[in-house]
Each structure stands twice: as structure tokens, then as C-alpha cells.
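A.B. asks: The structure's right below; bear with me while I get my questions together.
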Ligand SMILES: [Zn+2]
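Numbering (this note's numbering), first residue to last: 1328 to 1841.
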């Protein structure tokens, strides 16, 4: 639904100008400052005008009337766009776009993702597109992500703010508010609503682009702040806002409010923190489906049936053992595009993405499970993957199609490679305890289903369906149970490792292995 794979966009453009009001502009943050970048909604897809991008990034755009394409030169590299195709050729390499370029009069529009997927690689500049905060961050501009929670805890309210990457900051009290200033050009902040209004009335952006204001409530007495290493190389800032401890705080009107207990021990130790970034939602992807059978065993077992059976079992096991929400990319024998699978996970803010497959090999003896995470190395195991059939027919500029492994190096998964590697290691270790492993048990490969995933993501080849013995295993109840148990174990271990309780400052020597 979101991803239009082929070009049906161009024909319906007459109405663009008359459509609903334009969406809010993006802000481009660079060493040169801030600039707005307008977007236009075209067939449900947010787009930038190529004219505006040309001005911002010094591009030259040429229409190639003969080939019916657009050649965009950015720092000597050429990006070729073809009307009707949701692909761009960047210096000869193909990247996918969520939609084809669109035209209104003489102005061409490209999907917002064009900037990170096509422009950044050709400019050789780091460009991050942060859709939720509508930011385009160019170069080494410091724009940490800030997200937080407020937890009322008896006589205190604990404000926890995670800043990633770690960013120096200072906290000062100014009357009835605390001012938190970051050493940054701007903040990409998702601030929590107050759940303890008598202590913290509001947390809101400050007057400068890099500050946060904490408005204090009527019961405010004092505060204390601490910080510790957070998730994903970030900092966790914990600000405890403590209630007044004198009788003055307990107003006579507050009937039923008992006198406040003795102050000192009231604050729980930091070990009681809710684990940072705990796992709440997991997307389980049953590979293939519908018109795509996947690999077929010598006895006729289809990969798509095995993956669905295991996915369903894994969902119920994860839900009952971890109490997490599990979303299946398909719960029927249905065709689901690769891009849609990742986008389902992204749209549901999943914390993990696990794609299930069964392997195929021309060698009938190949056996054992393999765990993959994304390779950013463009030529990694391409030949092998192609041999295993994970290819796609793509249109080629100039006409025709050819089968290629579409390799992307989209920003989304690139940010999670290390965590995906850690997850893959946990999965591999847990599988090894329960099922036969291939000699190449852990690998990196440019799987398309993983590239767009905006969270740690792994792909599990549970066994070789082309091996008669393994085919029987894959279809068996006992083996499927073992796979599911191993995956549940690995996710628990991964969670415990990445969200290990951080020792309170007083016990800071106590081994905070991460
Ligand atoms: Zn597969």
C-alpha cells in the first residue's frame, strides 16, 4: 500500500496543485544553519522538489529526453532517475525509492527518501533524514535524539531522558523551572507528558534550539540529577524532583494525604529503573508466501509453509513468555512485498525484527541453521545469495530488465548493524544449543528485507529444505518447537544483555558490563 513499486504515479498529476494544504516543511540543519525545505504530498507520498534540492546541495539536473530520464550530477557522481520507476541508479548502483519521481509542469519531485538513499552516497556526505521530527541533518551537526519518561514514585517524580548520542549538558535551576542545556546545534526531542503535575508540571522545548525546560510543580522541594551510560551509546539523564518535606507541603486541603514519610530513604535506588529501551514489540516475518513459495524440498515441502508455521508458534511463545506484542508480517498464505515487511515493523515501532526462512543449496548435503544480519559491504556474499535465488528482476535504465541482487545501503538498518550483530550472535548461540548448525552459522549478507528495518534485525535460515533429511526436520513438530524455544531464549538473553540494570552511582564499581 505504501510502496508503489512501479510507475503509476505520473498519469495522475494534474490535480497536484489543487490538493490539500502542503505538509509542514522539513528543516535542513547543517553547519551553515537552518533552512526550511518544503514538501509536497503526491499520491500519498511526501516529496521534495528537485529544484529546491538543487539549490541546497548544488546539483545540476538534466532531462534526457531521448531516454526519458533525469540525470542529476552531484559532486561529479551521476544519479539517474527514470519516470515510472521507483529505483535510482547512483553511480551505476541501484537503490530503491518508495515511489517514482513525479512531475508538475517543469518541476520534478522526488520522494523524501531520495535524499538519504541516493543523494547522500553520491555527495559522500552524511545526511540523515529524521521523518518523525522532520529534520534533514547534513554533515557532522550535533542533533541528539532526546526521549524521556516521567514516573511518579511516592515523594518524588523521576524524569528520565535518554540522549543519543551522548551529549554534554548542564542543568541549572531558574526559579520554578529547571533548564537543561545540551551542547548541540538542535535537539530531536520527544518529551514526555507529565504524570506527576504536583512536582513536574511540564517538560517542553526551551527558548534555544538545544535546551529543555522542566516546569516545577507546587510541591517541588529540591532536585538531584545523575547520569549514566544509556542505550546505543547514549547518555541516560535521571532527574529526581523531590517533594518538600516540611509540613508546609501537606496543605490542610489535601484530605487523606498522609504526612510525608521521612525523606532520606524515600528515593528508591537507581537499580529499580525500568530497563532502558526494553523490548515491547517484535515483528516476526514469515518469509515468502502467496505467489512466492520460496525454496522447495525434494519431498515437496514449501519454505513459505514452514516459515508461517514457525512464525505463528514463535508469536504465541513470545507473547506468553515475554509479555511483548508480536506482529506477524503475514498470518496467511499471502504475498507481501519485502519493503512492506520492514515498513510494517517501522510503522509499529518494533524493537526487533526477526525474519524466518529455510535455506536452499544445489548441494543436497548442505545442512544446518544460519543466522544473518545485514552486510553493508556491497559485494559481500552476493554471488552466493544470487545462487540461492534471492534475486529480483529490476528494470534497467535504457530498457529491459535483469536479475540482480538489489543492494541497498539505506540509513535505517545501517544505524543498527552493531545491535543486529549482537542479536545475531545471541540467536546463533541459542540455536546451537538445540538444532544442527551450518559450518557458516553466522554471516552478513545484503538481504533486502533487512535494509529498511529501523531496529535491530536478523534473518534466520532454520535449515536446508533442499536436504531431504532437513526437509523432514523442518516440517516436524519437535524441530519447530526447538527453533521457537531457541529464538525465545536468544531474545531474552539479548534483552537482558542490552538492558542490564545500571548500577546506582554509589555502587558504580559494580561491574556494569554491557
Ligand atoms: Zn527464503
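All residues carry an ideal CB built from backbone N, CA and C; glycine is no exception.
No experiment lies behind these values; they were computed from the predicted model shown.
My guess is that residue 1685 and residue 1788 are in contact by the Cβ rule of under 8 Å, so how many angstroms apart are they, rounded?
C.D. replies: At roughly 6 Å, the Cβ-Cβ gap stays under 8 Å, so residue 1685 and residue 1788 are in contact.
A.B. asks: On the criterion of 16 or more Cβ atoms from any shown chain inside 10 Å, does residue 1553 qualify as buried, or is it exposed?
C.D. replies: Result: exposed.
A.B. asks: Using the beta-carbon of each residue, find all residues closer than 5 Å to any heavy atom of ligand 1 and list them in chain order.
C.D. replies: This selection yields 1614, 1621 and 1684.
A.B. asks: With H, G and I counted as helix, E and B as strand and the rest as coil, what does DSSP make of residue 1717?
C.D. replies: Below a pLDDT of 50, predicted positions are generally treated as unreliable, and residue 1717, at 45, falls in that range; the measurement from the model is reported next regardless. Residue 1717: coil per DSSP, three-state reduction.
A.B. asks: Enumerate in chain order the residues of its own chain whose CB-to-CB distance from residue 1808 is below 8 Å, with the five nearest sequence positions on each side excluded.
C.D. replies: Closer than 8 Å at Cβ, skipping near neighbours: 1640.
A.B. asks: With distances taken Cα to Cα, identify the nearest neighbour of residue 1485 among 1399, 1541 and 1500.
C.D. replies: The option with the nearest alpha carbon to residue 1485 is 1541.
A.B. asks: Could you tell me which residues DSSP puts in a beta bridge with residue 1550?
C.D. replies: Looking at the DSSP assignment, residue 1550 forms a beta bridge with 1568.
A.B. asks: Would you kindly work out how many angstroms separate the C-alpha atoms of residue 1714 and residue 1349, rounded to a whole number?
C.D. replies: Residue placement at residue 1714 cannot be trusted, given a pLDDT of 31 that sits under 50; what the coordinates show is reported in the next sentence. Rounded to whole angstroms, residue 1714 to residue 1349 spans 46 Å at the Cα level.
A.B. asks: Since residue 1753 and residue 1820 are thought to touch, with beta carbons under 8 Å apart, how far apart are those beta carbons, to the nearest angstrom?
C.D. replies: Right, the Cβ-Cβ distance comes to about 5 Å (below 8 Å), so this counts as a contact.
A.B. asks: Do you know how far the Cα of residue 1379 is from the Cα of residue 1765?
C.D. replies: For residue 1765 and residue 1379, the distance between alpha carbons rounds to 51 Å.
A.B. asks: Tell me the residue span of the alpha helix (DSSP H) that contains residue 1794.
C.D. replies: Where residue 1794 is concerned, there is no enclosing alpha helix (DSSP H), given that its DSSP letter is neither H nor E.
A.B. asks: Less than 8 Å between the CB atoms is what I'm expecting for residue 1701 and residue 1777, so what's the real figure, rounded?
C.D. replies: The pair is a contact, with the Cβ atoms about 4 Å apart (cut-off 8 Å).
A.B. asks: With a 10 Å radius around its C-beta and 16 neighbouring C-beta atoms as the bar for buried, classify residue 1499 as buried or exposed.
C.D. replies: Its Cβ having fewer than 16 others within 10 Å, residue 1499 is exposed.
A.B. asks: Identify which residue in 1563, 1354, 1750 and 1497 has its Cα closest to the Cα of residue 1476.
C.D. replies: Closest by alpha carbon: 1563.
A.B. asks: Classify residue 1514 as helix, strand or coil using the three-state DSSP reduction.
C.D. replies: In this structure, residue 1514 counts as coil in the three-state DSSP scheme.
A.B. asks: Hey, would you say residue 1560 sits closer than 8 Å to residue 1492, going by beta carbons?
C.D. replies: Taking 8 Å as the Cβ cut-off, residue 1560 and residue 1492 qualify as a contacting pair.
A.B. asks: Let me know if residue 1781 comes out buried or exposed under the rule of 16 or more other beta-carbons within 10 Å of its beta-carbon.
C.D. replies: Residue 1781 comes out buried.
A.B. asks: Which residues share a DSSP beta bridge with residue 1408?
C.D. replies: 1397 and 1415, per the DSSP bridge assignment.
A.B. asks: On the DSSP bridge list, what partners appear for residue 1686?
C.D. replies: Answer is 1791, bridged to residue 1686.
A.B. asks: Could you say which of 1635, 1755 and 1761 lies nearest to residue 1771 if we only look at CA atoms?
C.D. replies: Nearest option by C-alpha distance: 1755.
A.B. asks: Give me the residue from 1683, 1354 and 1548 with the minimum Cα distance to residue 1461.
C.D. replies: When each option's Cα is compared against that of residue 1461, the closest is 1354.
A.B. asks: Judging by CA-CA distance, which residue of 1699, 1427 and 1572 is the nearest neighbour of residue 1369?
C.D. replies: The residue with the shortest Cα to Cα distance from residue 1369 is 1427.
A.B. asks: DSSP three-state call for residue 1813: helix, strand or coil?
C.D. replies: Note: residue 1813 maps to helix in three-state DSSP.
A.B. asks: Smallest Cα separation from residue 1361: which of 1405, 1629 and 1466?
C.D. replies: For residue 1361, the nearest C-alpha among the options comes from 1466.
A.B. asks: For the pair the region 1642 to 1652 and the region 1619 to 1633, tell me if three or more CB-CB distances fall below 8 Å.
C.D. replies: Taking 8 Å as the limit for Cβ pairs, the verdict is that the region 1619 to 1633 does not touch the region 1642 to 1652.
A.B. asks: As a quick exercise: from 1469, 1802 and 1383, pick the residue whose alpha carbon is nearest that of residue 1364.
C.D. replies: The residue with the shortest Cα to Cα distance from residue 1364 is 1383.
A.B. asks: Which class does residue 1392 belong to by DSSP, given the choice of helix, strand or coil?
C.D. replies: In the structure shown, residue 1392 sits in coil (DSSP, three-state: anything other than H, G, I, E or B).
A.B. asks: What does the Cβ neighbour count give for residue 1667, buried or exposed, with the cut at 16 atoms within 10 Å?
C.D. replies: Classification of residue 1667: buried, given that the 10 Å Cβ count is 16 or more.
A.B. asks: Mapping DSSP to helix, strand and coil, what is residue 1352?
C.D. replies: The answer is coil: DSSP assigns residue 1352 none of H, G, I, E or B.
A.B. asks: Would you check if the distance between the CB atom of residue 1610 and the CB atom of residue 1659 is smaller than 8 Å?
C.D. replies: It is not a contact, given that the beta carbons lie outside the stated cut-off.
A.B. asks: Please name the residue or residues paired with residue 1538 in a DSSP beta bridge.
C.D. replies: In DSSP, residue 1538 forms a bridge with 1508.
A.B. asks: Among 1396, 1536 and 1699, which residue has its Cα nearest to the Cα of residue 1769?
C.D. replies: Closest option to residue 1769, Cα to Cα, is 1699.
A.B. asks: When DSSP labels each residue in this structure, what does residue 1801 get in the three-state scheme?
C.D. replies: DSSP places residue 1801 in helix when its eight states are reduced to three.
A.B. asks: Count the other C-beta atoms from every protein chain shown that fall within 10 angstroms of the C-beta of residue 1556, then say buried if there are 16 or more, exposed otherwise.
C.D. replies: Residue 1556 should be labelled exposed.
A.B. asks: Would you please state the rounded distance, in angstroms, between the beta carbons of residue 1538 and residue 1509? I believe it to be under 8 Å.
C.D. replies: Residue 1538 to residue 1509, Cβ: 7 Å. Contact.
A.B. asks: Between residue 1543 and residue 1507, is the Cβ-Cβ spacing less than 8 Å?
C.D. replies: Against a cut-off of 8 Å, the Cβ pair of residue 1507 and residue 1543 comes out as no contact.
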